[in-house]
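Working notes, beginning with the structure itself.
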Amino acid sequence: MTISGSAKLAGVMGWPIAHSRSPRIHGYWLEAYGIDGAYIPLAINPDDLAECFRTLPKIGLRGWNITLPHKEAALKLVQRLTPAAERIGAVNTVVVQSDGSLHGDNTDAFGFIAHLTQTAPGWPSDRPAVVLGAGGAARAICFALLDAGVPEVRLANRTLARSQSLALASGAKVRPISWDTRAEALLGAGLLVNTTSLGMTGQPPLDLDLQGLPDDAVVNDIVYVPLETPLLAAAKARGLRTVDGLGMLLHQARPGFSQWFGREPVVDAALYAAIMKDIKH
Ligand code: ATR
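The sequence shown runs contiguously to residue 973 in our numbering.
Structural data, given as structure tokens:
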């Protein structure tokens with residue numbers, strides 16, 4: 693689709709940026725809705741980040757997504773943070789306000805819950821959840837789960853010190869547990885979430901016996917290459933409901949798109965297929 697001189701503009705900042713899926717996701721929606729707008733990849737060296745935050749609104753950008761390695765640096769470059777960005781300690785979405793000021797949001801928690809709720813409606817949020825991993829994704833997911841009312845998050849990470857520090861930042865409901873006890877932690881849980889890179893193409897599979905999970909538990913893997921990880925295949929074989937990792941990526945893009953381009957976008961099967969095709973190439 694061609695754009696006019698008054699096209700609405702947004703993009704994604706990272707360094708490097710070529711791997712980002714965001715231009716495809718936003719481009720799909722722009723095309724689908726016939727919007728006069730563009731969403732472009734912005735390769736921004738960390739040394740230039742502050743200057744870009746100052747100048748890009750002046751040339752008409754309505755906002756941008758932030759990916760590695762800028763998510764934490766962005767915290768200090770916006771005038772206001774949403775509670776989610778503040779709690780998660782990272783910004784992935786910037787919206788330029790009408791007075792030119794910048795608002796920083798983190799939509800990972802939103803994306804995680806939106807996809808979980810859509811794929812596994814009625815998931816047991818009144819029971820403990822088990823989260824594997826303690827990186828940036830785990831941080832957003834712990835926040836999302838507490839916000840959804842989960843009574844306890846059992847947090848298992850290979851490096852215990854990292855899960856301890858995440859637990860400290862998240863409050864008493866997040867309990868660090870040792871990596872070796874991850875199978876026992878499944879007893880009585882309503883949800884299991886893998887946020888480690890285990891199970892990703894080229895990585896070893898996650899070694900975990902799912903026997904301890906109750907029959908109505910939900911298994912969510914945030915790895916999306918492959919879409920059906922060995923963990924999700926094992927969960928399906930046990931008859932458990934499963935949630936793939938691609939949906940979180942697609943849903944986290946929604947709040948930025950609706951604010952920059954003025955339309956609430958929908959995550960549907962066609963978008964899934966388009967992005968999967970892109971990932972396979
Ligand atoms: P992100 O920010 O995307 O969550 P990350 O910070 O690189 O990514 O975190 C990757 C997670 O996968 C970490 O929890 C990591 O465990 P450590 O904190 O001990 O490094 C986990 N991980 C990676 N390889 C692993 C492996 N072979 N066994 C267990 N955990 C692993």
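Here a beta-carbon is modelled for each residue, glycine too, at the ideal position from N, C-alpha and C.
Contact between the region 787–796 and the region 824–839 is not established, with fewer than three Cβ pairs separated by less than 8 Å. A distance below 7 Å between beta-carbons, with the five flanking residues on each side excluded, links L879 to the following residues of its chain, in chain order: G904. Closer than 6 Å to some heavy atom of the ligand ATR: that does not describe the Cβ of T921. Here M892 is not bridged, per DSSP, to any residue. It is roughly 18 Å from the alpha-carbon of R874 to the alpha-carbon of D907.
When the Cα atoms are used, V911 and D936 turn out to be separated by approximately 9 Å.
Counting along the chain, no beta strand (DSSP E) covers K763, and no H or E run does either. Short of 8 Å from the beta carbon of I914, and not among the five residues preceding or following it, lie these beta carbons of its own chain, in chain order: F804, A829, I833, V885, N886, T887, G937 and M940. Distances from the CA of T759 to each of P738, I751, G931 and L858 were compared; the closest alpha carbon is that of P738. For Y916, the secondary structure class from DSSP, reduced to helix, strand or coil, is coil. Residue burial annotation: R772 is exposed, with fewer than 16 other C-beta atoms found within 10 angstroms of its C-beta. Per the Cβ contact rule, the region 956–963 is not in contact with the region 727–735 (fewer than 3 Cβ pairs under 8 Å). Taking every protein chain shown into account, the CB of D797 has 16 or more other CB atoms within 10 angstroms, so this residue is buried. Excluding sequence positions up to five before and after S862, its CB lies within less than 6 Å of the CB of C834, all in the same chain and listed in chain order. Per the coordinates, the alpha-carbon of Q944 lies some 32 Å from the alpha-carbon of E876.
Here G752 has L701 as same chain residues with Cβ atoms under 6 Å from its own Cβ, once five neighbours each way along the sequence are excluded. Contact between G697 and W952 does not hold, since their C-beta atoms are separated by about 17 Å, which reaches or exceeds 8 Å.
Under DSSP, the beta-bridge partners assigned to I758 are M705. Close CB contacts of L890 within its chain, under the 7 Å cut and outside five residues either way in sequence, are with P896, P897 and L898 (chain order).
Looking at the DSSP output, V786 shares a beta bridge with W756 and G796.
Looking from the CA of T747, the closest CA among L900, W871 and L769 belongs to L769. Burial is judged here by how many other beta carbons sit within 10 angstroms of a residue's own beta carbon; G948 has at least 16 and is buried.
K700 sits in a strand when the DSSP states are folded into three classes.
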